[in-house]
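Taking this note's numbering, the leading residue of the sequence shown gets 1, the next gets one more, and so forth. Built from N, CA and C at the ideal position, the CB exists for glycine as well. What follows is a set of notes on a single structure, which appears directly below.
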Amino acid sequence: MQTAQDLASRSEAQAGLSALVRTYAVWMMAAGLLVALPLVFDSGTSLTKMSLMCIMVVFSLSYNMLLGQTGMLSFGHAVYYGLAGFMAIHALRFLGVPGMPVPLPLVPLVGAAMGLACAVVFGWISTRRSGTAFAMISLGLGELVAASALILRSFFGGEEGVSADRSRLLPFAGLDFGAQLQVYYLIAAWTFVCVVAMFAVTQTPFGRIANAVRENPERAEFVGYSTHIVRFISFCLAGTFAGVAGAMAAINFEIMNALSVSGAQSGVVLLMTYIGGVGHFLGPILGAVLITALQISLSDFTGAWMLYFGLLFILVVMYLPGGLAGLIMLHAPVLRAQRFGVLVPSYLLLSGPALLTLAGAAGLIELAHHRLVKAAMDGTAMRLMGVSFDSAAPLPWLLAVLLLVLGLLLARVAFRAVRGAWSEVNAGLRQRS
């Protein structure tokens, strides 16, 4: 019996060591990726885009601490991001005076302190309620701060905002952070620290309690935990990390305006978190990277890029509630069982109808946008996918509708093949188990 217990203990120790090694390997790979990216994408535009991605990753993960970890739907999370950004921009102006001994890498701590202070004040009130009541309180607080941003001009700077010069601060290790490459590495370093810290929180007993409050608050109360205190602590942590993201945005752009505390900013972080996958730690990271890339790329090609985001959000809510991370986790056991090859033919069959549907929908959106928005100034002639035509003519509209309808009909047929392939895969997985 003692021998069996020793073997079991040794097996558990080996499994724990293996999991620890895998965790450290993942974090080392993430750090190496952050360091290596500027070596591949070295243009100023790419560095700015990657810096913004890092900022949004921290912002989205902080929102996931509310929605994904504790089940609190907030419509005003931009308050803590924006207020911390304004405090950081004022700190940049104050610390830019010669003789100040504070270097730029410490400015995100100012944002963290501001985010925490605001979260303590607003959170103690709002976390007394949950569900719809909490969401409405967060919306009211967000609108209150957004309205104040246009009134309190001494702090918010009115419509013009507040600007500063980061390079005037005390140099750090010989760096004045005037070049975008130096700023990227500073933001990447803070991003790595914040992501590791937020992941560590999810692995603590408090992280498990927060999940319990999300799943069943009544049972959590029954076993002795105060749901109000748990929500309040989660709220404060989320506000702190959102404050760091706001301070990094102030450093990156050297300006903050009223849009940073607006409802639109809160909507963007909700969009990123939900599309990436609520409840999965990887989800907000994927969502922030994808939506930031689409924001910058799509805005160069179409003026209706926000409509595409809205449609993407609706499709994810209806057909992919787990988000991108949920889709990846769905395929994880299939990949481990080496059964992914069964799914590939059905996925290839679905890709054709999906492209037809996308082409038809994009054609209708661009036609409608040009006809309703641009035609009054630029005329009805337009160019799409390298083809010039008249948006007032019926043929382009009929072609777009035909592509959309044909794609949807073929997709319906292709989905049957996908369901059949998944049934085969699931049967094989059950036999293995």
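Own chain partners of residue i with C-beta closer than 7 Å, once the 5 adjacent residues on each side are dropped
i	result
W27	V196
V316	Y274, I275, G323
V110	M87, A88, A91, A247
R432	A337
Nonlocal neighbours in the same chain, by C-beta distance under 6 Å from residue i, ignoring five residues either side
i	result
V102	L95
G428	R339
N64	T273, P284
I255	G161, S163
From the options, residue whose alpha carbon lies closest to that of residue i
i	options	result
M248	S138, M50, D378	M50
L114	P171, R128, G82	For the record, residue 114 in the displayed sequence is Met; it is not Leu. Nearest of P171, R128, G82 to M114, Cα basis: G82.
D378	H370, V344, M385	H370
Y308	M318, Y319, Q295	Q295
Y347	V223, R128, A414, L364	A414
A400	A375, G363, A411	G363
V97	L33, P171, M29, G131	P171
H77	V261, G207, A393	V261
A36	A188, A421, A147	A188
P105	L66, D176, I125, G407	D176
T204	Q69, V223, G239, M100	Q69
S148	L237, V107, R22, V79	V79
Cβ-Cβ distance between residue i and residue j below 8 Å
i	j	result
F241	Y274	no
S138	S74	yes
A325	L384	no
L259	I291	no
V193	F59	no
A250	L92	yes
L116	G243	yes
V342	V418	no
L320	L311	no
L395	Y184	no
F206	G123	no
L406	L356	yes
P353	A421	no
V289	M100	no
Buried/exposed call for residue i, threshold 16 Cβ in 10 Å
i	result
P284	buried
W190	buried
A381	exposed
Y166	One detail in the question is off: residue 166 reads as Arg in this sequence, not Tyr. Looking at its Cβ environment, which holds 16 or more other Cβ atoms inside 10 Å, R166 is buried.
H404	It is Leu, not His, that sits at residue 404 in the sequence shown. L404 should be labelled buried.
G178	exposed
G239	buried
Straight-line Cα distance separating residue j from residue i
i	j	result
C118	A304	35 Å
A112	L61	15 Å
P217	F340	38 Å
G142	F155	17 Å
G279	A200	15 Å
D390	V373	15 Å
M1	V120	Note on M1: pLDDT 45, under 50, position unreliable in the model; no value is reported.
F301	A245	28 Å
L150	G157	8 Å
Q265	G85	13 Å
L367	L358	14 Å
G277	R168	40 Å
S423	E215	30 Å
E159	T132	32 Å
A210	L66	9 Å
G71	A376	46 Å
F222	T45	54 Å
S43	S226	51 Å
L20	L152	50 Å
Same chain, Cβ closer than 8 Å to residue i, neighbours up to 5 away in sequence not counted
i	result
L330	G322
H228	T127, R128
I125	I137
P333	L429
Beta carbon proximity, residue i to chain C, threshold 8 Å
i	result
L315	Note that chain C does not occur in the displayed structure, where there is just one protein chain.
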